[in-house]
Amino acid sequence: MASSESYTGEEKTITRPPAIPKAETDVFEERPDHDFHYKTLSWQFVSLLMIAEIVSNGMLSLPSALAVVGIVPAVILIVFFGVFALYTAKLLIDFKLNHPGVHNMGDAGYVLGGPIPREILSSGTIIFAVFGTGSELLSGQQALSTLSNNGLCTIYLLLIFSVATLIVALPRTLDRVGWLGLFSVCLITISGVVAMIGAGVNPVPGRVLSATVPTSFYQAFLAITNPVFAYAGHFMFFILISEMKEPGDAMKAAWCLQGFSTLFYAVFAVVIYVFIGNTVASPALLSLPESWAKATFAIALGNFLIAGGLYSHTAAKIVFVRYFRDTKHMYTHTVLGWAAWVALCVAAVAVAFILAIAVPIFSYLIGIAASLFASWYTYGIAGFFWLHDSYHLKGGWAGIRRKPGQAVLAVFTILVGAFVCVAGTYVSIKLINDAYNDGLVGKPFSC
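Start counting at 1 in the sequence shown, then tack on 1, and there's your number in our numbering.
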């Protein structure tokens, strides 16, 4: 296995990057003569980027969960999965601090089990990031269609939004989009507040509210997937922490993320549901009067754009770091480095765009991708991280036995991830089948 040498002197020669990441060595080297400095983010800006990425489409589907299972179970689920996501975030952050060379889920997979888990987790992260980009593109297109009264073909609107998303994704380092994160958080917060005001001043007459609703497993789990996947952003944590000035502060960012998102989700879902009732749509903004729907979509549009840029940036960054780690192309302005980076960003957005217009069931496939990957990245795999480090860094099985409570929690985390993966995939496939049976599936490349 060839090893990599870092470049020195004026020549800045380049050797072949290592076949595997060095888990004990930081991902990014910081030197004064570098053109690109990656480790620049404060924990405050990381928290903003986390919120911008996660609290986007997540909140829009939550009120409909209350309509399916009732207000009490739904709120309990929103709070439970918010707290649970904070716990799994801690496990991910601890693993990252123990293995500074881990840049993404693929690198973590190599630490856990070698090349096969690495390829599976890397591929899954890229696929999920591309599908996340496509989800934001569809939200942006829906917002533009609402604002324009469907005055332009949706394909053109999607193309316009895709180009704007690409522009946001292009900066090579995340500090260049840090302030956009602040802007995005402000936008989604204001959009949610405006939506709640709009629902409050325009309550649905004769609306029906339910504390609990008896329902089938399929309908219940369909509702559960909304709060589960509303927190599905942990797959980006390693990448964000890798660009922090002080990775040890990452837990502060996680507290901000989960505190804000859990409280915001619960308040938004309850208020919208109370004033609209069991007829609330998904996304919830479509249940508002036209003028209020346009106002909220117009405000949220910037958040959809920035979140889409972050997703596509993530997909490109994983591949770029994989092939250019420890080379001069990572740190200096080179033709090859820039050509590769732009091509990867274009590819990420282009694939998401093509999927959104060419695959009529793409919105359902997003649910399958979330079930297969987000269930593990946000929940299940964190348990494996704790078990691995407790075994290898703290004395083998004795290290695990010393903390039986945490060991049980780690196993529970794995089981939750497996359950959400299997049940979520089943529900998503059944949704596709029902959509075809009900004639709800459109045609590719149609307006």
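Glycine included, each C-beta is placed from N, C-alpha and C at the ideal position.
Being a predicted model, the structure only gives us computed values, none of them experimental.
Residues bridged to residue i (per DSSP)
i: L302; result: In the DSSP output, where bridge partners are listed per residue, L302 has none listed.
i: M245; result: L42
Secondary structure of residue i, DSSP reduced to three states
i: L210; result: coil
i: L42; result: strand
i: T216; result: coil
i: R17; result: Note that R17 has pLDDT 41, beneath the 50 cutoff, so the model's placement of it is unreliable and the number below is only indicative. Note: R17 maps to coil in three-state DSSP.
i: I72; result: helix
i: F37; result: coil
i: T134; result: helix
i: S283; result: coil
i: D435; result: helix
i: S7; result: Per-residue confidence for S7 stands at a pLDDT of 40, beneath the threshold of 50, marking its modelled position as unreliable; the derived number appears in the next sentence. It is coil, neither helix nor strand.
Selection from the options that minimises the alpha carbon distance to residue i
i: A294; options: V336, G384, V195, L311; result: V195
i: A231; options: G201, A212, Y266; result: Y266
i: C422; options: V80, W44, F325, Y380; result: Y380
i: P248; options: A200, P101, E30; result: P101
i: Y39; options: A86, V360, G406, R177; result: R177
i: L449; options: W44, Y219, I128, G440; result: Within the shown structure, residues of the chain are numbered from 2 to 448, placing residue 449 beyond reach of any answer.
i: L158; options: I240, L145, N150, E30; result: L145
i: G444; options: A424, L416, F305, I358; result: Rather than Gly, the amino acid found at residue 444 in this sequence is Lys. Comparing Cα-Cα distances from K444 to each of A424, L416, F305, I358, the minimum goes to I358.
i: I52; options: Y219, F222, S262, S136; result: S262
Buried versus exposed call for residue i [16 or more other C-beta atoms within 10 Å across all chains shown]
i: C154; result: exposed
i: T14; result: Since pLDDT at T14 reaches only 39, below the 50 mark, its modelled position is unreliable, and no value is offered.
i: H104; result: buried
i: D36; result: exposed
i: P64; result: buried
i: T280; result: exposed
i: T26; result: exposed
i: P284; result: buried
i: H314; result: buried
i: G396; result: exposed
Contact test: residue i Cβ vs the ligand GDP heavy atom, cutoff 7 Å
i: P228; result: This structure lacks the ligand GDP; in fact it carries no ligand of any kind.
Residue i versus residue j: straight-line alpha-carbon distance, rounded
i: S7; j: G384; result: Any reading at S7 is ruled out, since the residue's pLDDT is 40, under 50, leaving its predicted position unreliable.
i: L373; j: R173; result: 29 Å
i: A140; j: G310; result: The identity of residue 140 in the sequence shown is Ser, whereas the question assumes Ala. About 13 Å.
i: A20; j: F298; result: With a pLDDT of only 46 at A20, under 50, the local geometry of the prediction cannot be trusted, and no value is derived from it.
i: C346; j: I168; result: 9 Å
i: I117; j: Y111; result: 8 Å
i: Y427; j: N227; result: 15 Å
i: S217; j: M106; result: 35 Å
i: I156; j: A130; result: 21 Å
i: F363; j: F236; result: 21 Å
i: I198; j: V214; result: 26 Å
i: G234; j: Y274; result: 25 Å
i: L287; j: N151; result: 14 Å
i: L320; j: G207; result: Note on identity: in this sequence residue 320 is Val, with Leu being the wrong assignment. Roughly 53 Å between the two C-alpha positions.
i: G482; j: L93; result: Summary: the structure shown does not reach residue 482, with the chain confined to residues 2 through 448, and so no result is reported for it.
i: T166; j: Y392; result: 43 Å
i: A270; j: L67; result: 7 Å
Minimum Cβ-Cβ distance from residue i to chain B less than 8 Å
i: I367; result: The structure shown contains no chain B; it is built from a single protein chain.
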